[in-house]
Each structure stands twice: as structure tokens, then as C-alpha cells.
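Let me begin by presenting the structure, written as C-alpha cells, before commenting on it.
There are 2 protein chains.
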Amino acid sequence: MTTSIDLGVTADLHVHLREGQMMELITPTVREGGISIAYVMPNLVPPITTIDRVVSYKQQLQALAPETTFLMTFYLSTALTPELIHEAAQKRAIQGVKCYPAGVTTNSAAGVDPNDFSLFYPIFKAMEEEDLVLNLHGEKPSTDKDGEEIHVLNAEESFLPALAKLHADFPNLRIVLEHCTTKAAIEAIDKINNENKGEIKVAASITAHHLSLTVDSWAGNPINFCKPVAKLPSDKKALVAAATSGKPYFFFGSDSAPHPLHAKSKHIGVCAGVFSQSLAVPYLAEVFDKANALDKLKGFVTDFGKDFYKIDESQLVNKDHCILVKREQTVPDVISLDGLKVAPFKAGEKLEWSIEWRKV
Amino acid sequence: MTTSIDLGVTADLHVHLREGQMMELITPTVREGGISIAYVMPNLVPPITTIDRVVSYKQQLQALAPETTFLMTFYLSTALTPELIHEAAQKRAIQGVKCYPAGVTTNSAAGVDPNDFSLFYPIFKAMEEEDLVLNLHGEKPSTDKDGEEIHVLNAEESFLPALAKLHADFPNLRIVLEHCTTKAAIEAIDKINNENKGEIKVAASITAHHLSLTVDSWAGNPINFCKPVAKLPSDKKALVAAATSGKPYFFFGSDSAPHPLHAKSKHIGVCAGVFSQSLAVPYLAEVFDKANALDKLKGFVTDFGKDFYKIDESQLVNKDHCILVKREQTVPDVISLDGLKVAPFKAGEKLEWSIEWRKV
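As you go down the protein sequences, you meet chains U and F in turn.
Taking the UniProt record's numbering, I'd label the letters of the first sequence as residues 1 to 360.
Taking the UniProt record's numbering, I'd label the letters of the second sequence as residues 1 to 360.
In C-alpha cells, the structure reads:
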């Protein structure tokens with residue numbers, strides 16, 4: 001029986017670390033959860049759209065977690081220009097740009113209209129030239145218009161044609177469909193990669209929680225409510241199959257999204273997001289173990305994301321290895337700092353795996 | 001422009017009035033919400049399965065609301081016998097029997113296995129003989145078994161074959177598919193009634209909230225979380241079309257299901273149920289008005305249910321008429337009694353219609 005696995009220098013290609021007290025609480029949990037490299041989302045208030053802010057934000061994060069490697073992003077909006085993209089890329093201030101459709105999730109009010117990306121084509125062209133990554137929150141906004149009804153359950157599938165068009169229009173732009181949640185999305189990513197040869201241009205990140213949840217899980221449990229919402233059992237099975245497939249265009253992005261407990265324990269207006277950072281790798285290990293695919297975990301959580309993002313050794317502030325260890329632990333009900341409390345995914349439940357760090 | 005409508009002696013054929021302090025708070029709201037006749041669900045703890053308890057429960061309710069007519073039910077379980085059904089019917093202690101599939105909603109642990117009703121066929125035979133009504137909570141329990149996945153979104157549609165079989169096996173048993181939520185259910189009820197001639201044997205009740213909500217409404221808003229969950233925009237449209245159709249086998253049952261505010265404002269384990277009793281008729285009026293179908297409201301909320309249940313004048317404790325009046329009001333954030341608080345459907349929102357009572 002396997003009792004420990006060396007996962008190497010792990011990467012989580014989609015994290016939310018927030019600001020202020022929440023940032024102080026959450027940032028150290030990246031390493032506690034078994035993750036070495038964190039790709040940091042820019043949806044602060046206001047969103048991050050300048051080099052000064054991204055540099056300053058990274059410095060704050062680094063001070064809180066000196067052993068974690070942070071990779072940074074801009075928030076796609078009309079505040080960006082092609083010139084800024086070139087400058088930010090050449091200074092290595094950012095690794096990519098995150099695109100939020102307006103209004104679909106936390107702090108996305110400044111986002112774009114996913115029915116028409118053409119406004120941002122000059123930005124995408126600059127990104128393609130600089131070999132930056134475009135990170136897509138792939139959902140269309142809800143509408144009950146006859147014949148084109150969009151709701152939380154088909155919002156992702158409805159977005160997939162826009163993804164295909166973007167790839168066709170910018171075949172050399174590296175694109176990640178973030179936190180994909182549907183069988184339809186998995187099939188779309190498979191299709192693109194089956195047709196393409198050579199370097200991977202379109203990939204998808206998959207969270208730990210979407211490998212475990214379905215619509216039943218968040219019905220009545222706001223702790224499990226996030227955007228995109230977890231879908232049907234058949235979707236979850238397709239996600240698990242993709243994550244454990246060994247295909248290099250599916251890799252880990254936790255989309256860990258902390259909110260204060262009081263913002264999750266409301267009868268109206270619950271914030272969307274599952275907080276999974278503090279136990280990211282143990283959550284994944286549960287899923288891979290159950291699927292008899294622990295041998296595929298290192299590819300998913302370490303190799304494939306780093307390869308796609310072309311992260312080189314010189315970028316790493318630390319090269320310790322994450323060691324997965326078969327040792328039971330109980331998820332705490334909350335983690336807290338002074339008065340601030342955050343409920344972690346699977347609060348109060350038992351996990352069979354833990355992590356340790358091996359110094360390098 | 002219509003500014004007032006005489007709705008006559010209105011009926012809500014599916015209410016939850018609970019026990020203790022909650023019962024004291026909720027029971028008077030039946031009349032406040034514009035309802036004269038209330039068909040009371042039996043899912044107390046323990047469930048109501050004896051004549052003594054149903055009589056005593058009705059007395060308590062009547063004391064709290066002397067002007068409301070209460071019709072009572074038994075909870076279908078192995079505690080019932082054909083002899084008890086005959087006795088309860090002949091004493092007019094009950095109007096029907098409610099069937100809960102085990103484990104799908106509030107206090108349903110004592111319910112039945114919807115994959116096999118045959119255990120209860122002697123009960124159904126006795127009910128058919130006494131012309132009692134069988135009220136079905138039409139959902140199958142969730143499972144992620146390959147090939148037969150059931151989840152909160154297809155749980156009702158998966159139940160429809162069991163409804164058709166029951167009707168085939170007991171063609172003279174009057175059956176109500178309670179709080180139906182899907183286009184598939186509407187079509188199934190239409191199909192049965194198109195094939196039958198003469199007296200209606202299979203009907204469906206429709207709630208006020210399912211005429212207004214979709215899956216987007218309860219994603220992140222536990223106040224709108226109930227079982228069965230609200231489904232897709234296309235389902236909602238089918239429900240509105242059925243309710244405003246004038247077809248006599250679709251009638252009102254609010255499934256108003258109060259829970260203490262603290263049980264709705266949780267991050268884990270939110271209670272299922274929307275509380276709509278205190279403004280039942282104004283909520284309906286909003287929907288019918290928007291559909292330009294106010295002329296169909298009296299059929300839906302007064303005539304069709306009473307006809308199906310064969311409620312005669314002698315059963316009514318009061319014959320006042322509910323008058324719908326075009327007068328704006330704001331839904332309170334909560335209604336309360338001592339420390340107990342309940343958040344009503346559409347808390348804080350404006351409604352365009354109010355009700356008054358005309359003494360008869």
C-alpha cells in the first residue's frame with residue numbers, strides 16, 4: 001500500500017488571496033495546503049490593472065508567505081492597453097490576464113461582455129505576442145429570454161462556442177478555461193487538443209471541490225456554493241476522469257475563494273466561493289485515491305500546470321517538495337484570525353491524507 | 001384597469017403549520033394571506049398517523065384561527081392500516097393521506113420507498129373505497145449510480161412513471177402530484193387528463209414560489225431553497241402557463257413551509273422550505289397579473305381545488321370572501337413572535353396587490 005508520495009514542487013494555478021485581514025489569514029495557508037506555486041487572481045476592489053499595484057500586491061503576499069512562489073495576473077478591462085500588456089510582460093510583472101464576464105461572480109462587476117470579446121482583441125494580440133496566458137471565467141450571464149435561456153446550470157456550456165472562437169481567432173494565444181465544471185467543457189477541451197498538434201494552446205483548470213460536489217451538495221449548503229456551480233453527477237464523473245487521465249491539458253487550479261463565515265451563513269445573498277486552500281492537496285488526494293489514480297496526482301498538481309505556464313526554476317523562491325502522507329486528519333470547522341472566521345471545504349469531515357514538506 | 005377582484009372562498013391545498021410556538025405564529029397568517037381553507041400537512045415529529053392526534057391538532061389550529069377552515073391529513077407509513085383509513089374517513093377526520101418518499105424533505109425520514117409502493121396497496125385500496133385523496137411528494141431520492149443518476153433537478157421527472165403506475169393500478173383513487181416544478185410534470189398531468197373522461201382523478205398543485213423562482217433564485221439565497229427545488233426558466237414558464245390555463249386539474253397549494261430564520265441562515269444544512277403563507281394570494285396575484293391572466297386567478301385559488309377535494313359548504317367554518325385589491329405593500333423582512341423569526345418569501349420586496357375580507 002502507498003503511504004507517501006513525493007509530489008515535487010506543486011502548483012495551484014488559480015487562487016484568491018484577497019486583501020487586508022483576509023489576506024493575512026489566507027496567504028500562509030497556500031503552503032499549509034501543500035502548494036508551492038500560486039497563480040493569484042486579480043479581482044480585488046478595485047481590480048488590479050496596473051504594474052504598480054500588481055508589484056505591490058505581490059510584495060505583500062511574499063512578506064506573508066516567504067516560501068511560496070506567487071505568479072500574478074491583470075484583470076481584463078478597458079483600463080488595460082496593448083502598451084501596458086507589453087510593458088508588464090517584459091518586466092515579468094504578470095504571467096497572464098484574467099477575464100471575468102460581467103456580473104457572474106465575486107467582484108466581477110468590472111468584467112467584460114462574453115457575447116462580444118472584439119473590444120479586447122488588441123489586448124489579446126499583445127498577449128499572444130508576449131506569450132502571456134488568458135484565463136477565462138467561462139460563463140455567460142443568466143437570461144430567461146425565450147429560446148436562449150441561460151441559467152447557472154448551462155452558463156458554462158453556453159460559453160464554449162466563445163472559447164472556440166477565441167482560439168480560432170488567436171491560435172497562438174495560450175488560453176485556460178478556468179474551474180471547468182461540465183462534461184461538455186471537458187469534451188470541448190479534448191476536441192481542441194485532439195485537433196491541434198504540438199504545444200498545448202488551450203487547457204482547463206479543475207478545482208478540488210468540483211471533483212467532489214454536485215448540485216445536491218450546494219442545495220441547502222452555502223459552504224459549497226460557488227460560481228460556476230457544481231453540476232450533475234455525470235459532470236463530476238467527467239471531471240474526475242479528466243483530472244486522473246494524465247492528459248497534460250487538465251491541471252489543478254483550486255479557485256479557493258474565502259469569504260467570512262457571516263457572508264456564507266445568510267438567507268439572502270450568500271457569497272459565491274469554496275475555501276479549499278488550507279487543505280488543497282489532501283482534498284485532491286481523497287479524490288485520486290478513490291479513483292485508484294494516485295499515480296496521476298503529480299502530473300495534475302505539479303507537472304502539467306507548470307509546463308503549460310512555462311514556469312522555470314529561476315522563478316521559484318523555494319524548491320521544497322510536497323510529500324503526500326497517508327495520515328488521517330479532521331478538517332477544522334473554521335480557521336480564524338482575531339474575529340475573522342472562514343469555514344473550509346468539508347468542515348468537520350475526516351480526510352485520509354496529509355502533507356509534509358521535504359526541504360531541498 | 002382592474003382594481004379589485006372577488007376571489008370568493010379561497011383554498012390553499014398544501015400548508016405546513018408546524019407545532020408549538022411556530023404554529024402559534026404561523027396559523028393566523030393563513031387568513032392574513034388571503035386563504036380561507038387550508039389543507040394541513042401531517043409531517044410533525046412524530047408524523048400524524050392516528051385519529052386522536054389529527055383531531056387534537058385540528059383543535060389547536062382552530063383555536064388559533066377560528067375563521068379558517070382546516071382540512072386534515074394522515075402521513076403515509078406502516079403505522080396506517082386499512083381499518084384505520086376506513087374509520088378516519090367515516091368520522092371525516094381526514095380528507096386525504098400524504099406520501100413522502102423517505103429522506104427527500106423536512107421530516108420525511110418515516111416516509112416510503114418510491115421505487116415500490118406495493119407495500120401500501122391495501123391502504124390505497126381503502127382510500128379509493130372511501131374516496132380519500134392521495135397527496136404525493138413526487139421525488140425520487142438522489143443516487144449517483146451509473147446510468148440511473150438522480151439529483152435534485154431530475155428527482156421529480158424520475159418520479160413520474162411511478163405516478164402513472166399508481167393511477168393505472170388505482171384508476172378511481174384521486175391523486176395530487178404536490179408542488180409540481182417541471183414542464184415534464186405538467187405534461188404528464190395533461191396527458192393523463194387528456195386520456196381520461198369524466199371526473200378528474202389526477203391533479204397537481206402548484207406553489208406561489210415555483211411560479212416565480214428558478215435555479216438561479218436559490219443559488220446563494222437559502223430563503224428560496226425548498227424541495228422540490230425550483231428548476232429551469234423553461235420549467236417556470238410551463239408552470240405559469242398551467243396555473244393560468246384555466247384547466248381545473250391545476251390548483252393552488254402553497255407548500256408554505258416556515259423555518260426559524262436561524263435554520264435558513266446557515267452555511268451547512270439549511271432547512272428546505274419557502275414561507276409564503278402570510279402573503280399567499282398577493283404573491284399569486286403578481287404572477288397572474290404579469291401573465292395578463294388575473295381573470296384566471298379565482299379558478300386556480302378557489303374553484304378548482306375545492307371542486308377536486310369535493311369540499312362542501314357544510315365543512316366551512318367561515319364563508320367570507322377574499323377580495324384582491326390593487327394596493328402596493330412591502331413584504332416585511334421577518335415576521336416574529338417573541339424570539340422566533342421567520343423570513344417570508346420576497347422579504348423586503350414590493351408587491352402590487354393586497355387582500356381584504358368581505359364579511360358574508
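Ideal Cβ positions, reconstructed from N, Cα and C, are used throughout, including at glycine.
- Contact annotation: residue 66/F and residue 122/F have beta-carbon atoms that are not nearer than 8 Å.
- Annotated three-state conformation of residue 60/U is helix, per DSSP.
- Residue 199/U and residue 170/U do not touch by the CB rule: their CB atoms are close to 14 Å apart, not below 8 Å.
- Taking all protein chains in view, the Cβ of residue 56/F is surrounded by fewer than 16 other Cβ atoms within 10 Å, so the residue is classified as exposed.
- Taking the CA atoms as reference points, residue 70/F sits about 17 Å from residue 8/F.
- With its beta carbon less than 8 Å from one in chain F, residue 216/U belongs to the interface.
- Bridge partners of residue 135/U according to DSSP: 98/U, 176/U.
- Under the 8 Å criterion on CB atoms, residue 255/F is classed as non-interfacial with respect to chain U.
- For residue 270/F, the closest Cβ of chain U is nearer than 8 Å.
- Looking only at 50/F, 163/F, 144/F, 89/F, the smallest Cα-Cα distance to residue 101/F is reached by 163/F.
- Scanning its chain for C-beta atoms nearer than 6 Å, with the 5 sequence neighbours on each side dropped, one finds around residue 257/U the residues 16, 273, in chain order.
- Around the beta-carbon of residue 203/U, 16 or more other beta-carbon atoms lie within 10 Å, marking it buried.
- Taking 8 Å as the upper bound for CB-CB distance, residue 218/U and residue 230/U are in contact here, some 6 Å apart.
- Across the region 85-115 of chain U, no CB contact with chain F closer than 7 Å is found for any residue.
- A direct Cα-Cα distance of roughly 22 Å separates residue 242/U from residue 143/F.
- At a C-beta separation below 8 Å, residue 220/F has these neighbours in chain U: 222, 225, 269, 270, 271, 272.
- Straight-line measurement puts the Cα of residue 10/F at about 18 Å from the Cα of residue 245/F.
- Judged by their CB atoms, residue 104/U and residue 46/U are not nearer to each other than the 8 Å cut-off.
- Listed along the chain, the chain U residues whose CB falls inside 7 Å of the CB of residue 291/F amount to none; the nearest CB is some 14 Å away.
- Residue 261/U and residue 195/U have their C-alpha atoms some 45 Å from each other.
- Buried is the label assigned to residue 27/F, since at least 16 other Cβ atoms lie within 10 Å of its Cβ.
- Residue range 350-358 is occupied by the beta strand (DSSP E) that includes residue 358/U, with no alpha helix (DSSP H) assigned at that position.
- Every alpha helix (DSSP H) stretch that sits fully inside the region 70-125 of chain F and reaches 4 residues is listed by chain position as 82-90.
- Its chain contains 278 as the residues whose beta carbon lies nearer than 7 Å to that of residue 32/F, once the 5 sequence neighbours on both sides are disregarded; these appear in chain order.
- Judged by beta-carbon spacing, residue 110/F lies beyond the 8 Å limit of residue 68/F, meaning their Cβ atoms are not closer than that value.
- Look at residue 129/F here: in three-state DSSP terms it is helix.
- For residue 233/F, the chain U residues whose C-beta falls within less than 7 Å of its own C-beta are 144, 149, 151, listed in chain order.
- When C-beta distances to chain F are compared with 9 Å, the residues of the region 346-357 of chain U below that value are 347, 348, in chain order.
- Within the model, the alpha-carbon separation for residue 92/U versus residue 302/U is close to 22 Å.
- Between residue 216/U and the set 22/U, 234/U, 94/U, the nearest pair of CA atoms involves 234/U.
- For chain F, the residues of the region 323-348 of chain U that bring a beta carbon within less than 9 Å of one of its beta carbons are 343, 347, 348, in chain order.
- Less than 8 Å separates the beta-carbon of residue 88/U from that of residue 74/U.
- The beta carbon of residue 192/U sits closer than 8 Å to the beta carbons of 164, 167, 201, 202 from its chain, once the five residues preceding and following it are set aside; these are given in chain order.
- At a C-beta separation below 7 Å, residue 265/F has these neighbours in chain U: 265, 266, 267.
- Close partners of residue 229/F in chain U (Cβ separation under 7 Å): 219.
- Residue range 183-195 is occupied by the alpha helix (DSSP H) that includes residue 189/U.
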